[in-house]
Each structure stands twice: as C-alpha cells, then as structure tokens.
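Trainee: The numbering of the sequence shown is my numbering, which starts it at -9 and goes up by one. Where is the CB? At the ideal position from N, CA and C, for every residue including glycine. Here the structure is a predicted model, which means the values were calculated and not measured.
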Amino acid sequence: MHTRILGLAAFAACLAMPVYAAVALSDAAGSYTISPSGSSIHFTIGKAGGGGFDGAFGRFKGTIRIDNADVGRSKVDLTIYPESVGTGQGRIDAFLRSDAVFDSANNPEIQFRSTNVTRTGDTTATVTGRLTARGKTFSEKFTAELGGLKSGTIKFHVTGKVLRSRYGMDVGTPLYSNVVDFNMTLTGRRG
-9 MHTRILGLAA
1 FAACLAMPVY
11 AAVALSDAAG
21 SYTISPSGSS
31 IHFTIGKAGG
41 GGFDGAFGRF
51 KGTIRIDNAD
61 VGRSKVDLTI
71 YPESVGTGQG
81 RIDAFLRSDA
91 VFDSANNPEI
101 QFRSTNVTRT
111 GDTTATVTGR
121 LTARGKTFSE
131 KFTAELGGLK
141 SGTIKFHVTG
151 KVLRSRYGMD
161 VGTPLYSNVV
171 DFNMTLTGRR
181 G
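1) Does the Cβ-Cβ distance between Ile100 and Gly178 come in under 8 Å?
2) Starting from the N-terminal side, write out each stretch of the beta strand (DSSP E) that is 3 residues or longer and does not extend beyond the region 103 to 127.
3) Sort out for me which residues DSSP pairs Ser82 with in a bridge.
4) What is the DSSP secondary structure of Arg49, counted as helix, strand or coil?
5) What's the call for Leu268, buried or exposed, on a 16-neighbour Cβ count within 10 Å?
6) Between which residues of its own chain and Asp171 is the CB-CB distance below 6 Å, once the five residues before and five after are set aside?
7) Which partner residues of Phe33 appear in the DSSP bridge assignment?
8) Just list the residues that DSSP pairs Asp67 with in beta bridges.
9) Where Thr23 and Lys131 are concerned, what is the direct C-alpha to C-alpha distance, given to the nearest angstrom?
10) With a threshold of 8 Å, are at least 3 pairs of Cβ atoms found where one atom belongs to the region 67 to 77 and the other to the region 89 to 103?
11) CB-CB under 6 Å to Arg63, same chain, minus the five flanking residues each way: which ones, in chain order?
12) In this structure, does DSSP put Val91 in helix, strand or coil?
13) According to the Cβ coordinates, are Leu176 and Val148 closer than 8 Å?
14) Tell me which same chain residues have a C-beta within less than 6 Å of the C-beta of Tyr166, skipping the five on either side of it?
15) What's the gap between the Cα of Ala12 and the Cα of Ala90?
16) Whose CA, out of Lys140, Pro164 and Ala115, lies closest to the CA of Asp60?
17) Report all residues from its chain with a CB closer than 8 Å to the CB of Ser129; omit the five preceding and five following residues, and keep chain order.
18) Can you check which of these residues, Ser21, Gly28, Gly42 and Ala19, is closest to Thr163 by C-alpha distance?
19) CB-CB under 8 Å to Gly142, same chain, minus the five flanking residues each way: which ones, in chain order?
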C-alpha cells in the first residue's frame, strides 16, 4: 500500500499459495510481518489507443497490525524499493529507475503509512494513508480484502489507483495514463 508510482512494478509473484478459508477481520487481530514469499505488488499503466505496460516491484517490506477492539486503529506500513521495478523490458526498467520517473538513486524508498482504516464489510476495509515518493507526500486510499487466515499467516488482496503526476512522474502523459492501477497480494506472518 506504500506505493505511488508511475510505472511501478511489483515483481514478487505468488508461487504456491496455501488454501485460505474466509475469515472475519475481527478474527485476524494481531501483528504481522509482510513476507516477500507469497506477496506481490503489481501495477498497470494504460496507453491512449490501447495497450500500455504492466510491472511489479521485486523488493518491499512492511507490517500490518489489526486491532480487534477498534479496526480503525489498525496500521499498515509498507516500504517499496523502486530500484527493484521490473516490466520484463530492460530499457523500460532503466527508464523507470532514472531521474525521469522514480529517481531511485536519490529516492531509494517509497513509503506508505496508514492514517485510517475503515471497515466496509466483514472481510473488507478502506485503508487511507500517507504515500511518499520522490520527496512528495500525499494522502492515498486503497481497498483491502482479507483473503484468509491459516496457521498464523494472513493474506490480503489490495487494489488502488494513484495519480503519478502528483509525485513528479508525469513523463509521457497524456500518451500514457496519469493513473497507475495497483493490484497487490500481501501475505503476512504473525509475530
């Protein structure tokens, strides 16, 4: 959820995920460390006339704390390392890492820190927080759905849209969309 990117990519693909049973947010109270194994942060940027490109981030870390007494006091902290962006196209990857987009040499982290969690259903919530990239911080909102809880492991599907121009990454607009669509799987281990 700590992502504000233009051509951002989350490269950690889920290999073999255990089967999770549906569970209510209140049953999942506790603190979790996001595991790169079973987690992924993917993004898509559309292009006028169709097409565009997809990418992912290969390196990220974070924590999730679910407060059983008050879900609104739950917290999500996510750090993404933009040098790990991958699209499968070396030239595009180098461009995304450059000072034209992520400027990963001078801005090695993208951070998301939640400020509010609002339950929207038994297994869903809206997570609002401060996204910081390239030295700029704005409030962003993501939708999280609890995928399940099994043996101290929790799984969330997280989606959201970020305007890349807010963070100084508007290169290529309007040919390439200003809207970056994020699709994340975050798997956390209790403890």
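Mentor: According to the structure shown:
1) Taking C-beta atoms as the reference points, Ile100 and Gly178 fail to come closer than 8 Å.
2) With a minimum length of 3 residues, the continuous beta strand (DSSP E) runs that stay inside the region 103 to 127 are 114 to 123.
3) It should be pointed out that residue 82 corresponds to Ile in this sequence rather than to Ser. Ile82 is bridged by DSSP to nothing; it lacks a bridge partner.
4) Shown here, Arg49 sits in coil according to DSSP, grouped into three states, outside any helix or strand.
5) Since the first and last residues shown for the chain are -9 and 181, residue 268 lies out of range.
6) Excluding residues up to 5 positions away in sequence, Thr34 and Lys151 lie with their Cβ nearer than 6 Å to the Cβ of Asp171 in the same chain.
7) Answer is Gly45 and Phe172.
8) Looking at the DSSP assignment, Asp67 forms a beta bridge with Thr53 and Arg103.
9) The alpha-carbon atoms of Thr23 and Lys131 are separated by roughly 21 Å.
10) Flag = yes, the region 67 to 77 and the region 89 to 103 touch.
11) Answer for Arg63: Asp57, listed in chain order.
12) In the structure shown, Val91 sits in coil (DSSP, three-state: anything other than H, G, I, E or B).
13) Yes, these two residues count as a Cβ contact at 8 Å.
14) Closer than 6 Å at Cβ, skipping near neighbours: Ile35 and Lys37.
15) Below a pLDDT of 50, predicted positions are generally treated as unreliable, and Ala12, at 47, falls in that range; the measurement from the model is reported next regardless. Answer to the nearest angstrom: the Cα atoms are 43 Å apart.
16) Comparing Cα positions, the closest option is Ala115.
17) Thr105, Thr118, Gly119, Arg120 and Leu121, listed in sequence order.
18) Checking every option, the nearest Cα to that of Thr163 belongs to Gly42.
19) Taken in chain order, the residues that qualify are Arg179, Arg180 and Gly181.
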